[in-house]
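For the record, the sequence lines run as chains A and B.
Position 86 of the first sequence, counting from 1, maps to 117 under our numbering, and the rest follow consecutively.
Position 442 of the second sequence, counting from 1, maps to 473 under our numbering, and the rest follow consecutively.
A short write-up of the structure that comes next.
There are 2 protein chains.
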Amino acid sequence: MTIRKSTLSSQDITSLNQYWSLANYLSVGQIYLLDNPLLKQPLTRQDVKPRLLGHWGTTPGLNLIYAHLNRLIARHQLNMIYVTGPGHGGPALVANTYIEGSYSHYYPAIQQNESGLKRLFKQFSFPGGVPSHVAPEIPGSINEGGELGYALSHAFGAVFDNPDLIATCVIGDGEAETGPLAAAWHSNKFLNPASDGAVLPILHLNGYKIANPTIFARIPKKELNQLLKGYGYQPIWVESSDVNAVHQLMSDALIQAVNRIQKIQVEARTQGITQRPIWPMIVMKTPKGWTGPKSFENLPVEDSWRSHQVPFKELRQFPERIELLEAWLRSYNPEQLFDSTGRIIADINDLIPEDSLQMGRNPHANGGVLMQALKIPGVGDFAVDLKSRGSQKISATRVMGTYLAEVMRLNESNFRVFGPDETASNRLDDLYQVTAKTWVAEQLDSDEDLAMDGRVMEILSEHTCQGWLEGYLLSGRHGLFSCYEAFINIVSSMATQHAKWLQVASQKVNWRQPIPSLNYLLTSHVWRQDHNGFSHQDPGFINHLSNKEPNVVRLYFPPDTNCLLAVTQKILQTTDKINVVVAGKQLQPQWLAIDEAQKHCDQGLGIWHWASNTDSAKPDLIIACAGDVPTIEALAATKILNQRLPDLSIRFVNVVDIMTLAMDTTHPHGISDDQFRQIFSSDAPVILAFHGYPSMIHRLIYNRPGHENFHIHGFNEEGTTTTPFDMLVLNQLDRYHLVKNAVNRLQDMTDSGAILDDMDFKLAQHHKHILQAGDDLPDEIFN
Amino acid sequence: MTIRKSTLSSQDITSLNQYWSLANYLSVGQIYLLDNPLLKQPLTRQDVKPRLLGHWGTTPGLNLIYAHLNRLIARHQLNMIYVTGPGHGGPALVANTYIEGSYSHYYPAIQQNESGLKRLFKQFSFPGGVPSHVAPEIPGSINEGGELGYALSHAFGAVFDNPDLIATCVIGDGEAETGPLAAAWHSNKFLNPASDGAVLPILHLNGYKIANPTIFARIPKKELNQLLKGYGYQPIWVESSDVNAVHQLMSDALIQAVNRIQKIQVEARTQGITQRPIWPMIVMKTPKGWTGPKSFENLPVEDSWRSHQVPFKELRQFPERIELLEAWLRSYNPEQLFDSTGRIIADINDLIPEDSLQMGRNPHANGGVLMQALKIPGVGDFAVDLKSRGSQKISATRVMGTYLAEVMRLNESNFRVFGPDETASNRLDDLYQVTAKTWVAEQLDSDEDLAMDGRVMEILSEHTCQGWLEGYLLSGRHGLFSCYEAFINIVSSMATQHAKWLQVASQKVNWRQPIPSLNYLLTSHVWRQDHNGFSHQDPGFINHLSNKEPNVVRLYFPPDTNCLLAVTQKILQTTDKINVVVAGKQLQPQWLAIDEAQKHCDQGLGIWHWASNTDSAKPDLIIACAGDVPTIEALAATKILNQRLPDLSIRFVNVVDIMTLAMDTTHPHGISDDQFRQIFSSDAPVILAFHGYPSMIHRLIYNRPGHENFHIHGFNEEGTTTTPFDMLVLNQLDRYHLVKNAVNRLQDMTDSGAILDDMDFKLAQHHKHILQAGDDLPDEIFN
């Protein structure tokens, strides 16, 4: 099994150098050339793109690594993907997948001939062409690398439950400075060598960022080694500016790393796991922009930050630079790389893996191909048996936890739950009946629910949780992220980037198959963080996502346990979506039987006739709500109004799927204006109690008929450590403020003064006896 | 200067133990007690709070550290602040500031007597009282610690340019798992031992989070040491579960650390800096929840995650637990700590620093006290001398850079600029004429603009930039963060937390003085990231912030260079705000002379009469815009309309300060409905071209008169690698789509078909010759 290290033959070296020249030539060609891809004629102004875009600096390093990985894959039939941390090095990944043939496989218009080359070059960073980054369009990619920091967590996510997969993860020394990357190194404490695959990090120490040296390159080698060992890795160095020396070092390093990986895995799989393994990694220290221009206008370019993007620009204005470019391109000896038809003749056969093993074609990087639908249990066995509306106090997320436990049981190796040390706090701990929390580090006898093969993944890094889950989904498996609502904002930019990925992959890249949706349970939400205070009170994430691509984003506010079950069952069956479910974990009243809940959640919103006192098409007032706590308050307000104004006809509306409020022209879940009018009328005042910021509703219903009749109560940025009910009062989302607003909106009221006084009295009583409410909301709804 | 280590006398030990008992007693009292603070009577049900909230686990460790720091401060007159990473350990910081007297100084109603004690206990985590976290209400705090990860970057931010200050930063081993914290360790490569103070990190290895062990506690000690040394620190271990042993170890460790800090500083200040110093840090490994209940219901509590919050609850329901609590409280021997009046009699005099040195009273933690207003240069010398409107192409941020350079020159030690490796890319590099980039690591001859005493701070971690700047501001100095617009989303949750801090500090904590505002320049914005593609195109941050407290948030969209100067000058003089300025870095046309710009920016929005063709109070059409690129398109659209429909009266409106659109009842910058009507009329169609998502405008003008006449163009989540103009076309924010929309809104148009056809032809031409636009927008405005 062990691969023996060997001295590379001169043929090996030649072959590697030819491959590298080819990949570098193809990369420079993409950045610069519009035409004349084989340099059959001297380069002219017209051959060069008018706008020069792209990132050269990282590219030769990415190419060199790809060449060596290919050699290893071809020789040893490894199952490997390439995660490109320096994702702006898009030219490299396009070049390598073109060389291996996977690019032409996915893009048949671009073949390995002169016209294919011309297209390949022209399309790069060109209107209507391909992005300059390792975007969804690029075969083999699961990491965009525009927003840096997520390569390593993506790589780990991809290998969980993929025991035969190696994710080689190139980490730029710029990206290594980011927080998310710095945290993700610790993922090795969550990797099971028996049932997971392996990640091989390659830290590419090329020394410079856009305009600065990197920290990692300017600390002593000893210190960097300590850091990487401290993270739990065994670093293997590949360090030289002599390319042939680098080839030998890299070949040895990769063999050493793969042997070490296989030894760890074989031991774990045959003898069991006794302790956390020390996984190998590689540090590759080579010059930035290697083989590019040494200098330009007397300033160093190679091995400097000046090679980061396009080493020299404005070629159309400065024709002498065209000669520089031509010399650079010819330094790769294109005549030895291609024949006159553009066919590749470089002697690189040993470096091209068979089709199915090519990294550009690895199905793990197009996870939808491998996706197996979740086995979805029915919700009936888990549902609350509704005795009478409002009489049972149940923790919705606890019941959801029992359901998720069954999903976990039915879907071994295909489903994981992620969270930042909050799964139990979020009441999902019934999961531990079926599986444990992953923990591949020291365990003590006193520990509970920790195991090397656990499938609930907890690390106190929202970034790492999100990155793991994204990697897991992108490689075709299913999962759910549970988080305190306030702190999911920590990953709002990651969610944005994932939404962009889904949008492009599903709409613009026909060979990418749908992948499982990214599912969030946001709990311990703004209305039940009274004890932790203002820092824990923020419903901004839903606003943030509500602006993203309508075909991607879904936002659910189940009002009770059965609705939460119905929504959970629904979202777990979707693909290519970001589903956000907001639901509290506290004991709260129940409103709908499970069949009602399923119907209601399928519709997304609807009239609750049992809570209305009229079936009239023209009610005097509409009380509406979205969110579990707002539903309680809206029902309580309705009850007060019924008692005080028995002749007032009130319609009660609940919204589960908030995007139903959007115009049907702007969101696929949006209802028509006719439906909107049927539910909200177009003349009665609508008092709407909403979980989040009122502004989110305002902008959704901006053009709706009768929108000027809506009066929205929600979070108004008032928070502190107090009682749950006081949180509502502070933000005027409580029943008394709802009643006051309703009364103020009704015309010709005789009793209004008395009711308003009474509500003010209730509020005064609340302030006086604030603690009487205790942990709970006032209990005056259905008793 | 060197402090000698010494064996603690038995008196020292007694004193430290009494202090610790006192702090622990006060902490437990806050969590549990409503009354009977001195335990004069046996505890009863009524003495215990009905809701038990708070975090015990981290508290004894925080108390122990505080005691030892106090001893050191009292003996050696150190200037020190205490940054509490485990900020949920609020009881500890309240207890210690109460003991030293700073709490009573700020809150005179809470004195060191029985009634003061009773108030102190009752108010904690109590409605109308103080939050459970180290919030702005707590003296000495500059870090909330609800959202974990920012303690270390805050600590570094506080000591930049504060050469005599030591920020001791307690880092929980939970927080240590987060990305932002993991990145912030590298701040030591940016700390100048001559002109900055020192940070003393104390990693509190108490082993557990809410429900899990911590990674740092479950890797071998050798590995953890490697990690910390790899981060560039010299760890000193304090490790024991025998408290007297811990006292000696901690005393020695602190002396060693402070000696090392002073040695580094003295050498740097007398002999100059030759290399990056290796700063000391402390690892304190003690049991979580130390001195609390050993176990509860046969499960371990001390030294377990079960001590994280309130070790046992529901005392009112289970009276036998009241006895457990009483025994716990009495274990601290309160009768030795207080006399019968509640005066502290514990023998802790040696552990209380003189008033001005108390950490609760250190002015650096109430930075407004020390704040010196920036010296603000006039903008006249930097302004664009407007030749004719639209004829000069200038990079607005480049000119801003010249202005900032002058601000930097005038305000040595009081102003810094922060950015993630983008300062030059953002065209602010004229700053380097005045100062360099901070770099306290290896330098090479080929480096440019790096210096140990540089004042532009670049690290490829938005989190660290933001954390440094927040620490710098909270300690009373000024700064600006420049960032690509898309990637500022990475710190949107940090900005939220800072907004919360400012809101509470400015509105609810009367002793906190105003601090300098947090200023963002967002550039390389969504409309000029055509080259980097979709991952770099996101205007979501402004939406995110627009929901936050209106008294805190300000959003500016200067349309040209002079407006950017005017806005910059304005925001640098503000306090307690988050100012966001969005402005492009590319060459763009100029519209206003500097005096016009200043007036326009002071008003926040206004009619541009020179761009309108009518002064009528009833124009046929209003073209409005916010943002530099939208302004270009709106002007171009206006020109086309003028040419095609010379009889059409058009009013042109530009909005700089977007919050002027908000109701004056909801935002202090909001204009009245009358003013709104005067500017936007209430019947003419308004075509508004906006920099960000249209939804943001929709929700701002939701209730405005005539809002149904607004038609808003903005970012619609369409992006890719293309030309700048194509980005506009993709999102229908270009001049041709604006014209089309305007024409469609006008009644009784005879020519409309021809104009629409012509616009479609222009768009078709664009698609055909997409590259002819090159790097720039079509040049057809004022030529």
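Just so it is clear, CB atoms sit at the ideal spot from N, CA and C, and this is done for glycine as well.
As the structure is a prediction and not an experimental result, all values here were calculated from the model.
Any beta carbon of chain B sitting closer than 7 angstroms to that of Q257/A? yes
Close-in-space but distant-in-sequence residues of the same chain around T469/B (CB under 6 angstroms, 5 per side omitted): F221, G485 and M488
State the beta-bridge partners of H509/B as determined by DSSP. F446/B
Consult DSSP for E131/A and reduce its assignment to one of helix, strand or coil. helix
Does any CB atom of chain B fall closer than 7 angstroms to the CB of E175/A? yes
Please tell me whether P170/B and S133/B are closer than 7 angstroms, where the distance is taken between their beta carbons. yes
Consider the Cβ of N578/A: report whether some Cβ of chain B lies at a distance smaller than 7 angstroms. yes
Using Cβ-Cβ distances below 8 angstroms, what residues of the region 547 to 571 of chain B are close to chain A? H562, N563, G564, F565, S566, H567, D569 and G571
Secondary structure of S6/A, DSSP reduced to three states: Absent from the model: residue 6/A. The displayed extent of chain A is 32 to 814, so no value can be given.
Is R730/B close to chain A, meaning its C-beta is less than 7 angstroms from at least one C-beta of that chain? yes
Under 8 angstroms (Cβ pairs) to chain B, residues found in the region 752 to 780 of chain A: T752, T753, T754 and D757
Can you list, in chain order, the residues of its chain whose CB lies under 6 angstroms from that of L500/B, leaving out five sequence neighbours each side? F449, G510 and F512
Run down chain A in chain order and give the residues with a C-beta less than 8 angstroms from the C-beta of S456/B. I241 and A242
When burial is assigned at 16 or more other CB atoms within 10 Å of the CB, is D412/B buried or exposed? exposed
Contact set for F813/B: own chain, Cβ-Cβ below 8 angstroms, skip 5 residues either direction: Note that F813/B has pLDDT 45, beneath the 50 cutoff, so the model's placement of it is unreliable and no number is given.
What separation, rounded to the nearest whole angstrom, lies between the Cα atoms of F327/B and W87/B? 15 angstroms
Which residues in chain A sit within 7 angstroms of P162/B, going by Cβ to Cβ distance? G564, F565, T751 and T752
Beta-carbon gap between A455/B and A248/A smaller than 7 angstroms: no
Where W321/B sits in the DSSP three-state scheme: coil
Who does D688/B pair with in a DSSP beta bridge? Y587/B
Looking at the structure shown, is L53/B part of a helix, part of a strand, or coil, going by DSSP? helix
Could you list which residues in chain A have their beta carbon closer than 8 angstroms to that of N574/B, in chain order? N574, H575 and N578
C-beta neighbour in chain A for N520/B, strict 7 angstroms: yes
Contacts of H494/B in chain A (Cβ-Cβ under 9 angstroms): T209, G210 and P211
Please tell me whether D452/B has its Cβ less than 7 angstroms away from any Cβ of chain A. yes
Report yes or no: is there a C-beta of chain A within less than 7 angstroms of the C-beta of S338/B? no
Let me know if E354/A comes out buried or exposed under the rule of 16 or more other beta-carbons within 10 Å of its beta-carbon. exposed
Can you give me the start and stop residues for the alpha helix (DSSP H) that Q709/A sits inside? D704 to F711
In or out: A140/B buried (at least 16 other Cβ within 10 Å) or exposed? exposed
Could one say the Cβ of L84/A lies closer than 7 angstroms to chain B's Cβ atoms, at least one of them? yes
Alpha carbon to alpha carbon, how far is L285/B from P232/A? Give it in angstroms, no decimals. 38 angstroms
Taking the alpha carbon of F343/B as the reference point, which residue from V774/B, V613/B, Q42/B and G85/B has its own alpha carbon closest? G85/B
Between D782/B, W51/B and K36/B, which has its C-alpha nearest P365/B's C-alpha? W51/B
Which value, in whole angstroms, describes the spacing of the CA atoms of R776/B and E739/B? 12 angstroms
Against P331/A, what residues of chain B qualify as contacts under a CB-to-CB distance less than 9 angstroms, listed in chain order? S477
Does DSSP classify R307/B as helix, strand or coil? coil
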